[in-house]
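Undergrad: After the structure tokens below, expect a handful of questions from me.
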Amino acid sequence: MTPAIDNAPVPNVPRAGIRATTEQLCTLYQISRTTFWRWTKADNFPVPIRAGRVLRWDADAVDAFLTNRKG
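Residue numbering for the sequence shown is 1 to 71, as defined by the UniProt record's numbering.
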């Protein structure tokens with residue numbers, strides 16, 4: 001008898017030390033893109049890294065921002 005194979009998709013979330021896309025961060029924190037862009041307007045939100053038209057964020061820096069956020 002062979003073990004059952006779980007074919008459920010693996011969520012596309014960033015690993016430590018990886019630059020994450022907006023989509024990955026929204027998936028990780030279970031938020032909408034609107035909420036994410038609202039967070040980016042905060043004074044101490046991490047600055048994205050731009051490569052052409054692509055924006056990426058340091059996932060660890062975003063996590064630190066959320067940990068230190070009041071409220």
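Think of the CB as a built atom: it goes at the ideal place given N, C-alpha and C, for glycine as much as any other residue.
All of these numbers come straight from a predicted model, not from anything done at the bench.
For the beta strand (DSSP E) containing residue 54, list its first residue and its last residue.
TA: Element bounds for residue 54: 54-58.
Undergrad: Whose C-beta lies closer than 8 Å to the C-beta of residue 18 among residues of the same chain, with five residues either side of it excluded?
TA: 59.
Undergrad: Just the C-alpha distance for residue 23 and residue 54, rounded to the nearest angstrom, thanks.
TA: The alpha-carbon atoms of residue 23 and residue 54 are separated by roughly 12 Å.
Undergrad: Among the candidates 52, 27 and 63, whose CA atom is the shortest distance from the CA of residue 46?
TA: Residue 63 is the option with its Cα nearest to residue 46.
Undergrad: For the beta strand (DSSP E) that contains residue 33, what are its first and last residues?
TA: From DSSP, residue 33 is part of no beta strand (DSSP E) but of the alpha helix (DSSP H) over 33-40.
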